[in-house]
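Going by the numbering used here, the sequence shown opens with residue 52, and the numbers climb by one from there.
We put the CB at the ideal spot given by N, CA and C, even for glycine.
None of the values given here were measured: they were computed from a predicted structure.
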Amino acid sequence: MMRSKIIIVGGGIGGLAAALALAQKTFDVIVLEQADRFKEIGAGIQLGPNVFEMFKALNLIEPVEELAVFPDALVMRDALTANAITRIPINTASFKKQFRFPYGVIYRPDLLNILKQACDQLPNINIIFNKRVVKTKQTPTKAFVICEDDSSYEAQAVIGADGLWSEIRKNILGSEAPRVSGHIAYRAVLPIDDVPESSRNNEVTLWAGPKTHLVQYPLHRGEIMNLVAVFHSDRYEEGWDVYGESSELQERFCGQHAYVLDLLAKINSWKMWVLCDREPVKSWSKGRISLLGDAAHPMLQYLAQGGCMAIEDAVCLAENLDKQSGDIIGALQSYQNDRYLRTARVQLTARFYGDVYHAAGPTAELRDLTLGGRTTDQAYAGMKWLYSGIDEVGRQQF
């Protein structure tokens, strides 16, 4: 039986993961990417054990392991005193026994290249650049997209993997604006030789300060250090590719520990973006059109799960379409039903973690007592819903 053709709008991590997952199920896939080439922006991405479950399904564990870094611990420190609030060992025998898979970090361009190379090996994936989709429509048997250059494409389904400002989402849920969090993130990478000796450790370290935090971890075989500095602000600019100002960082992080300030001072050029999400929704499919990743459930980065959720979506989408290939509409409904509660929980928990990271005064003291008093086993128990709360095809296990 001839398999259906699927159009994916957006060639980022979620879009390429969906293309790969669907093509491996023998669907014909067209990926429409508005840029003229792949150029993943950002710096690092954290890979929880849950996404390694998905890498296994996609046959990607080996190439990911070749380029990822596997930290020794997740650490939270007080940005004012440098005291350790909590340290959770990871990638130990105990951790792997609990979660079955490791915890890694990877350079975003490396992950995008891994996905692209895997897609390039499959003849039933066609990636087309310079295609900005501006409109979708559907009939009882087909779905169509129309691009800015007046070209059009048709298939049995359209998947919007076009991010926070998704054009495809507007066709399903309207054109409501994202929710602005009031937080701004600056990101940069630093050659490891430029990192102060005291900060060259194989850990994911979060420096928690009042209305600020700084995250650091090594990337790209340990050759570079990823830095993300976040602070509260009412500034608002769309996009991920806006240059920030070092003076703004110095002002927001003024008075913090020398370890934090030394890292910030090493960076001459920062990119910034305003952190936004949306309210969780139960329905992101309409007929033959559905959403994936940030187009469906954008989330703040405080659980480091945005990319992981998109890859889970991709595997779950392909599984549902494979099982119900004769009923595209029903398959898309099943996919959304399998995913919306899990992604909603991550969205809402990420908001809460932002408050925890940026606490001050008695709230910070209570945070430190609560987190600092946990055993390793208790910390693992708190992670269980996220890191091992799904099956092999991305369905939440309650």
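Following the DSSP letters along the chain, one finds Val311 inside the alpha helix (DSSP H) bounded by residues Ala309 to Ala316. With respect to the 9 Å criterion, Asp328 and Pro349 are classified as neighbours on the basis of their beta carbons. One alpha carbon belongs to Ile362, the other to Glu302, and they sit about 37 Å apart. Annotation for Ala194: the continuous beta strand (DSSP E) segment containing it runs Ala194 to Cys198. Taking Asn277 as the centre and dropping the five residues before and after it, the same chain places the C-beta of Ala94, Gly95, Val240, Tyr268 and Leu270 closer than 6 Å to its C-beta, in chain order.
The secondary-structure analysis by DSSP pairs Leu215 with nothing; it has no beta-bridge partner.
One alpha carbon belongs to Ala401, the other to Phe78, and they sit about 34 Å apart. The Cβ-Cβ distance between Ala208 and Leu372 falls below 9 Å. Listed in chain order, the non-local C-beta contacts of Leu73 below 6 Å within the same chain comprise Ile57, Val80 and Ala369, local neighbours out to five positions each way being set aside.
Contact between Ala124 and Glu248 is ruled out by a C-beta separation of about 18 Å, above the 8 Å threshold. For Arg128, the pairing in a beta bridge is given by DSSP as Ala135 and Trp258.
In this structure Arg446 is buried. Its beta-carbon is surrounded by 16 or more other beta-carbon atoms within 10 angstroms. The alpha carbon of Asp161 has as its nearest neighbour, out of Ile379, Leu343, Glu218 and Arg272, the alpha carbon of Arg272.
One alpha carbon belongs to Gln352, the other to Ser439, and they sit about 19 Å apart. No Cβ-Cβ contact shorter than 9 Å links Pro261 with Ala395.
Each residue's CA atom was taken as its position, placing Asp419 and Pro229 some 32 Å apart.
In the three-state reduction of the DSSP assignment, Ala236 falls in the strand class. For Ser341, there is no enclosing alpha helix (DSSP H); the residue is part of the beta strand (DSSP E) that begins and ends at Ile340 to Leu342.
Ala86 counts as exposed, since fewer than 16 other beta carbons sit within 10 angstroms of its beta carbon.
Here the segment 383-394 makes no contact with the segment 94-111; the two share fewer than three CB pairs at distances below 8 Å. Under the three-state reduction of DSSP, Cys327 is assigned to strand. In the DSSP assignment, Lys333 falls outside any beta strand (DSSP E) and carries neither an H nor an E. The beta-carbon separation of Val311 and Leu265, rounded to 6 Å, stays under the 8 Å limit for a contact. Nearest neighbour of Ala355 by Cα position, chosen from Gly62, Lys374, Ile157 and Ala144, turns out to be Ile157. When DSSP reads this structure, Asn277 sits in a beta bridge with Val240 and Tyr268.
Leu83 is positioned such that its CB atom lies closer than 9 Å to that of Gly61. With a 10 Å radius around the Cβ and a threshold of 16 neighbouring Cβ atoms, Arg220 comes out buried. Here the alpha carbon of Ile59 sits roughly 7 Å from the alpha carbon of Ala212.
With respect to Val397, Leu326 sits apart: the two C-beta atoms are not nearer than 9 Å.
When beta bridges are read from the DSSP output, Ser202 appears opposite no residue. Sorting Ser297, Cys367 and Gln375 by C-alpha distance to the C-alpha of Asp389 places Cys367 at the top. In the displayed model, Gln189 falls within a strand according to three-state DSSP. Annotation: Ile340 to Tyr391 spans about 16 Å, alpha carbon to alpha carbon. From the listed residues Pro242, Leu163 and Ser203, the smallest Cα separation to Val115 is found for Leu163. Across the structure, Phe89 and Ile441 are spaced so that their CA atoms are roughly 30 Å apart.
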